[in-house]
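Heads up, the thing below is written out as structure tokens.
In the numbering used here, the protein residues as written are 12 to 316.
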């Protein structure tokens with residue numbers, strides 16, 4: 012499974028960005044080594060970002076950013092999106108000849124999303140189609156029949172319980188065969204839950220939680236989960252909820268672990284740039300851990316017996 016870190020360039024965390032410039036050598040090294048990055052057209056359509064990505068020889072998963080634009084009252088045009096893709100085709104990842112750029116989706120309107128898919132193809136760009144939670148499943152059936160790689164969206168804001176009910180249904184009915192193996196490649200937009208990542212045979216998923224977690228004063232450990240570490244994090248007053256409120260032995264363990272990973276408690280507790288870099292490193296570790304799991308939908312297998 013590929014785990015894409017969303018919005019790395021648009022948060023200036025790669026070479027040429029202001030955040031990157033304030034990192035130490037280890038932190039910059041970990042940012043340089045992020046293998047899978049997703050960026051939204053809505054943000055990186057600015058030429059300044061294009062220039063940085065080209066200088067860095069980027070190969071990104073391009074999302075339209077339609078939802079972000081919608082929430083800000085900005086209209087994105089299919090014609091301009093296609094023109095951007097064609098101008099910057101060298102910056103967009105490809106897998107087995109498939110362009111890893113998503114359709115300009117219509118928010119809350121599966122028919123508009125489908126029409127945009129058709130229009131983009133007519134303009135010479137074949138994007139990854141997107142099916143959103145709660146939409147008419149006939150669209151999903153169509154995409155599964157026609158495309159080798161699709162995306163699932165509309166999941167941000169739902170609880171894990173709600174997501175599991177819906178995902179169990181669509182994976183079992185449409186996305187896996189009788190043995191529980193995927194029929195095609197599926198990307199999950201905005202997946203932040205490790206259990207949700209583990210439960211289904213995703214080809215890829217993405218999340219920007221590395222940014223939010225760092226901003227709220229925590230780091231994402233690939234095994235132990237989120238660790239509150241900033242000196243400004245409110246959890247510093249709660250026993251056992253912050254590095255500073257752990258027992259002396261526990262705090263020593265955490266600090267030594269961080270040092271072995273090339274990070275210091277002092278920088279992580281005072282510098283969000285350091286937390287950015289640590290969390291991006293953690294994404295790579297999570298990807299390696301998740302890639303080791305069997306590519307089978309567990310419930311589909313259990314139903315055979």
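A virtual CB, placed ideally from N, CA and C, is assigned to each residue, including glycine.
Subject >> Per-residue DSSP class, three states only, for residue 141 >> reply: As a first step, residue 141 is located in the chain shown; it is residue number 130 there, counting from the start. DSSP places residue 141 in strand when its eight states are reduced to three.
Original post:
If you draw a straight line from the C-alpha of residue 244 to the C-alpha of residue 264, how long is it?
Top reply: For the purposes of this step, residue 244 is taken as the residue at position 233 of the chain shown. For the purposes of this step, residue 264 is taken as the residue at position 253 of the chain shown. Each residue's alpha carbon lies about 20 Å from the other.
Original post:
Is residue 17 buried or exposed, if buried means 16 or more other CB atoms sit within 10 Å of its CB?
Top reply: Within the chain shown, residue 17 is the residue found at index 6, counting from 1. Counting Cβ neighbours within 10 Å, residue 17 comes out buried, since at least 16 surround it.
Subject >> Start-to-end residues for the beta strand (DSSP E) that takes in residue 215 >> reply: Stepping through the chain shown from its first residue, residue 215 is reached at position 204. First-last of the beta strand (DSSP E) with residue 215: 215-218.
Original post:
Based on the DSSP output, what are the partners of residue 232 in its beta bridges?
Top reply: Locating residue 232 in the chain shown gives position 221, counting from the first residue. According to DSSP, residue 232 bridges with 236.
**OP:** Could you say if the region 249-265 and the region 167-185 meet the contact criterion of at least three C-beta pairs nearer than 8 Å?
**Re:** With the cut-off at 8 Å, the region 249-265 and the region 167-185 do not touch.
Subject >> Buried versus exposed call for residue 194 [16 or more other C-beta atoms within 10 Å across all chains shown] >> reply: Counted from its first residue, the chain shown places residue 194 at position 183. Exposed, because fewer than 16 other Cβ atoms sit within 10 Å of the Cβ of residue 194.
**OP:** Just the C-alpha distance for residue 287 and residue 55, rounded to the nearest angstrom, thanks.
**Re:** Here residue 287 refers to the residue found at position 276 when the chain shown is read from its first residue. Here residue 55 refers to the residue found at position 44 when the chain shown is read from its first residue. In this structure, the straight-line span from the alpha carbon of residue 287 to that of residue 55 is close to 19 Å.
Subject >> Spatial neighbours of residue 26 in its chain, beta-carbon cut-off 6 Å, leaving aside the 5 residues before and after >> reply: As a first step, residue 26 is located in the chain shown; it is residue number 15 there, counting from the start. Excluding sequence neighbours, residue 26 sits near 67.
Original post:
Under the rule that 16 or more other beta-carbon atoms within 10 Å means buried, what is residue 74, buried or exposed?
Top reply: In the chain shown, the residue the question calls residue 74 occupies position 63. With 16 or more Cβ atoms within 10 Å of its Cβ, residue 74 is classed as buried.
Subject >> Within the region 100-178, ranges of the alpha helix (DSSP H) (whole runs, at least 4 residues) >> reply: Listed in chain order, they are 121-133 and 148-157.
Subject >> Cβ pair count under 8 Å reaching 3, the region 235-249 against the region 197-204 >> reply: Verdict: no, contact absent.
Subject >> Cβ-Cβ separation, residue 14 to residue 47 (assumed contact under 8 Å), whole Å >> reply: Along the chain shown, one-based indexing puts residue 47 at 36. Along the chain shown, one-based indexing puts residue 14 at 3. With a Cβ gap of about 6 Å, residue 47 and residue 14 count as contacting.
Original post:
Where does residue 207 sit, in a helix, a strand or coil, going by DSSP?
Top reply: Indexing the chain shown from 1 puts residue 207 at position 196. DSSP places residue 207 in the helix class (H, G or I) of the three-state scheme.
Original post:
Hey, how far is the Cα of residue 314 from the Cα of residue 190?
Top reply: Start at 1 with the first residue of the chain shown, and residue 314 comes out as number 303. Start at 1 with the first residue of the chain shown, and residue 190 comes out as number 179. Any reading at residue 314 must be qualified, since the residue scores a pLDDT of 41, below 50, and its modelled position is unreliable; the value itself is stated next. A straight-line Cα-Cα distance of about 10 Å links residue 314 and residue 190.
Original post:
Quick check: the region 284-298 against the region 228-245, are there 3 or more CB pairs under 8 Å?
Top reply: Three or more beta-carbon pairs drawn from the region 284-298 and the region 228-245 are found closer than 8 Å, and the two stretches are therefore classed as touching.
Original post:
Closest to residue 325 by CA distance: which of 149, 81, 91 and 158 is it?
Top reply: Lying before the first or after the last residue shown, residue 325 is absent from the chain, which here runs from 12 to 316.
Original post:
According to DSSP, is residue 51 helix, strand or coil?
Top reply: Within the chain shown, numbered from 1, the residue matching residue 51 stands at position 40. For residue 51, the three-state secondary structure derived from DSSP is strand.
Subject >> Under the three-state DSSP convention, the category residue 69 falls into >> reply: Stepping through the chain shown from its first residue, residue 69 is reached at position 58. It is coil, neither helix nor strand.
**OP:** Select from 229, 259 and 268 the residue whose C-alpha is nearest the C-alpha of residue 291.
**Re:** In the chain shown, residue 291 corresponds to position 280, counting from 1. Comparing Cα-Cα distances from residue 291 to each of 229, 259 and 268, the minimum goes to 229.
Original post:
Under the three-state reduction of DSSP, which class applies to residue 24: helix, strand or coil?
Top reply: Taking the chain shown and counting its residues from 1, one reaches residue 24 at position 13. For residue 24, the three-state secondary structure derived from DSSP is coil.
Subject >> One or two residues paired with residue 16 in a DSSP bridge >> reply: Indexing the chain shown from 1 puts residue 16 at position 5. Its beta-bridge partners are 48 and 218.
**OP:** Specify, as a first and last residue, the run of the alpha helix (DSSP H) that residue 196 falls within.
**Re:** Reading the chain shown from its first residue, position 185 is the one you call residue 196. Counting along the chain, residue 196 falls outside any alpha helix (DSSP H), though it belongs to the beta strand (DSSP E) covering 196-199.
Original post:
In whole angstroms, what is the alpha-carbon distance linking residue 91 and residue 266?
Top reply: The sequence position of residue 91 within the chain shown is 80, counting from 1. The sequence position of residue 266 within the chain shown is 255, counting from 1. Roughly 49 Å separates the two Cα atoms.
Subject >> Between the CA atoms of residue 37 and residue 303 - distance to the nearest angstrom >> reply: The residue given as residue 303 occupies position 292 in the chain shown. The residue given as residue 37 occupies position 26 in the chain shown. The straight-line gap from Cα to Cα measures roughly 26 Å.
Subject >> Of the listed residues 53, 165 and 171, nearest to residue 145 (C-alpha basis) >> reply: Indexing the chain shown from 1 puts residue 145 at position 134. Closest in alpha carbon position to residue 145, among 53, 165 and 171, is 165.
Original post:
Which residues does DSSP pair with residue 89 in a beta bridge?
Top reply: Taking the first residue of the chain shown as position 1, residue 89 is located at position 78. Residue 89 pairs with nothing; no bridge assigned.
Original post:
Ordered along the chain, which non-local residues of its own chain (more than five positions away) have a Cβ less than 7 Å from that of residue 99?
Top reply: Sequence index remark: in the chain shown, residue 99 carries index 88 (1-based). Within the same chain, residue 99 has close Cβ partners 61.
**OP:** Give the secondary structure of residue 307 by DSSP, where H, G and I count as helix, E and B as strand, and everything else as coil.
**Re:** Counted from its first residue, the chain shown places residue 307 at position 296. Note: residue 307 maps to coil in three-state DSSP.
Original post:
Can you give the Cα-Cα distance for residue 20 and residue 169, rounded to whole angstroms?
Top reply: Translated into the one-based positions of the chain shown, residue 20 becomes position 9. Translated into the one-based positions of the chain shown, residue 169 becomes position 158. Cα-Cα distance, rounded: 27 Å.
**OP:** Name the one or two DSSP bridge partners that residue 74 has.
**Re:** Position 63 of the chain shown, counting from 1, holds the residue named residue 74. Paired residue(s): 51.
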